[in-house]
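A.B. asks: So the sequence shown is numbered by our numbering: it starts at 3 and just counts up by one. Handing you a structure now.
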Amino acid sequence: SNKVNGVAALHTEIVKKETFADFYQYFCDKGEKDKFVNMTNGVTPRRWIHCANRPLSDLFSKHLGSQKWLTNMELLKGMLKKKNDPAVQKEWMAAKRMAKQHLAAWVKEHMGLDLDVDALFDMQFKRIHEYKRQLLNCFYIIHRYLMIKQASPAERAKFQKRVCLIGGKAAPAYHRAKTIIKLVGNISEVVRNDPDVSPYLTVGFVPNYSVTAAQAIVPASDISEHISTAGTEASGTSNMKFVMNGGLIIGTMDGANIEIREAGGEETMFVFGCLETEVPAIKERAAQGHYPIDPRLQRVFDAVKSGRFSGGDDVAHEKFCGLIDTLCNITAAGTWDGDRYLLINDFPSYVEAQERVDQTYADKAKWASLSIQAASTMAQFSTDRTISEYAKVIWGCEPAPRPAPANRAA
């Protein structure tokens with residue numbers, strides 16, 4: 003092959019140092035150090051802003067003076083000087099509210115679920131896979147449910163309202179993934195039928211995730227979850243779609259999250275979890291028996307194992323318990339016999355990051371400013387940049403602009 007490329011900066015380094023270490027060294031020894039290159043993924047703003055979120059697209063065009071940003075996203079940086087303007091913030095949050103109202107109507111039609119558009123919309127949409135850690139999200143949602151449930155009525159009123167939606171497809175024979183989907187559905191039912199909690203928390207699994215569904219979902223997020231174990235996600239692209247629409251990220255230092263944070267500023271991302279370089283030491287300590295379970299997570303485990311989220315389904319209950327029993331094989335953490343993707347290790351910092359989300363969201367002006375800042379710094383994650391780099395570095399193709407209509411031969 004002419005080149006070997008990764009699809010995010012961290013992924014490319016893993017390809018060079020781990021996946022194809024011998025191959026990489028072979029070409030370095032031959033003097034071909036540019037054999038391995040990075041080509042960070044991208045998504046198109048024409049689809050994911052202009053088509054999916056016309057109110058936001060119109061807002062950009064209004065304040066930037068044209069639609070030229072649709073083919074040159076660097077122009078969006080012109081919004082940065084307006085990020086603290088109260089009038090612009092009001093327009094921005096009005097566009098976000100419209101997106102949330104649109105999604106609420108869509109969810110009501112397709113799922114029969116009522117969403118409170120005044121709540122914080124928390125989204126995780128991607129393939130269902132253990133490394134993407136939808137299960138960690140489930141555990142946090144249960145933790146939040148238990149915290150609200152045990153609170154007095156006066157204390158409950160102080161909780162930030164949240165809508166937590168999870169969606170994505172799983173491989174047909176991926177049993178653990180299907181079990182996680184079942185757990186999400188069961189959590190949704192428990193929360194929906196609990197009058198103490200349902201005013202403050204809504205949970206749903208969105209079926210049949212597709213581009214059509216995503217065009218309703220992506221514009222509406224306040225926060226999106228990109229929480230893979232560090233070193234496991236190649237890039238991710240839903241993170242780019244959500245941020246282009248002004249959604250902030252709660253995530254790990256993995257995949258393209260790292261570059262999105264560098265572009266937008268560390269304050270625009272709620273980071274938690276271990277780093278890729280820390281994983282070997284965590285596994286080594288676990289093998290020696292040092293892999294503590296946070297008491298809050300143990301309480302979640304106890305609630306699941308008590309049958310509270312099984313809905314009287316013995317088969318589901320057995321599968322849920324099986325997931326937890328495997329995680330609790332602490333000396334095997336980091337392997338398939340234990341907590342392969344280090345959920346237990348990252349749970350405490352995940353809870354802390356979620357608390358920071360709530361605290362930041364309570365300051366509406368600050369949240370609006372961060373949302374504008376994040377969305378306006380996404381130029382490098384456009385497919386225009388990605389394809390141009392592939393053409394220049396890998397394919398050796400020169401641009402071939404289509405002639406303007408007036409200049410075409412008859």
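Think of the CB as a built atom: it goes at the ideal place given N, C-alpha and C, for glycine as much as any other residue.
Who are the Cβ neighbours of Asp296 in its own chain at under 6 Å, not counting the five residues just before and after it?
C.D. replies: Around Asp296: Phe349 and Pro350.
A.B. asks: What are the start and end residues of the alpha helix (DSSP H) that includes Cys323?
C.D. replies: Asp316 to Leu329
A.B. asks: Determine the direct distance from the alpha carbon of Ala265 to that of Asp256, and round the result to whole angstroms.
C.D. replies: 15 Å
A.B. asks: Buried or exposed for Asp386, please, with buried defined as at least 16 other CB atoms from any protein chain shown within 10 angstroms of its CB.
C.D. replies: By the neighbour-count rule (16 or more Cβ atoms within 10 Å), Asp386 is buried.
A.B. asks: Could you tell me the distance, in whole angstroms, from the CA atom of Ala106 to the CA atom of Glu227?
C.D. replies: 19 Å
A.B. asks: Identify every residue that forms a DSSP beta bridge with Asp124.
C.D. replies: Cys166 and Ile225
A.B. asks: Are Gln375 and Thr270 touching if we call contact CB-CB under 9 Å?
C.D. replies: yes
A.B. asks: So Leu66 is in the alpha helix (DSSP H); what residue range does that whole segment cover?
C.D. replies: Arg56 to Leu66
A.B. asks: Residue range of the beta strand (DSSP E) that Phe207 falls in?
C.D. replies: Leu203 to Val208
A.B. asks: To which residues of the same chain is Lys18 closer than 6 Å at the C-beta, ignoring the five residues directly before and after it?
C.D. replies: The residues are Tyr26 and Phe38.
A.B. asks: Hey, could you find the ends of the alpha helix (DSSP H) Phe303 is sitting in?
C.D. replies: Pro297 to Lys307
A.B. asks: With a threshold of 6 Å on Cβ separation, who are the neighbours of Phe274 within its own chain once the five nearest residues in sequence on each side are excluded?
C.D. replies: Taking C-beta separations shorter than 6 Å and ignoring five residues to either side along the sequence, the partners of Phe274 in its chain run Ser351, Tyr352 and Ala355, following chain order.
A.B. asks: Give me the Cα-Cα distance between Ala159 and Tyr363, rounded to the nearest whole angstrom.
C.D. replies: So the two alpha carbons sit approximately 16 Å from each other.
A.B. asks: According to DSSP, simplified to helix, strand and coil, what is Met271?
C.D. replies: strand
A.B. asks: Locate the alpha helix (DSSP H) running through Asn139, then write down its first and last residues.
C.D. replies: Gln136 to Gln152
A.B. asks: Does the separation of the CB atoms of Leu329 and Phe303 fall below 9 Å?
C.D. replies: Result yes, Cβ atoms of Leu329 and Phe303 sit closer than 9 Å.
A.B. asks: I'd like to check one pair, Asn7 with Met41: are the Cβ atoms closer than 9 Å?
C.D. replies: yes
A.B. asks: Just list the residues that DSSP pairs Gly253 with in beta bridges.
C.D. replies: Note: Gly253 sits in a beta bridge opposite His228 and Val273.
A.B. asks: Suppose contacts are defined by Cβ-Cβ distances below 9 Å. Is Ala334 in contact with Ala283 by that definition?
C.D. replies: no
A.B. asks: Rounded to whole angstroms, what is the Cα-Cα separation between Lys404 and Asp36?
C.D. replies: In the sequence under discussion, the amino acid at residue 404 is Arg, which differs from the Lys named in the question. Answer to the nearest angstrom: the Cα atoms are 32 Å apart.
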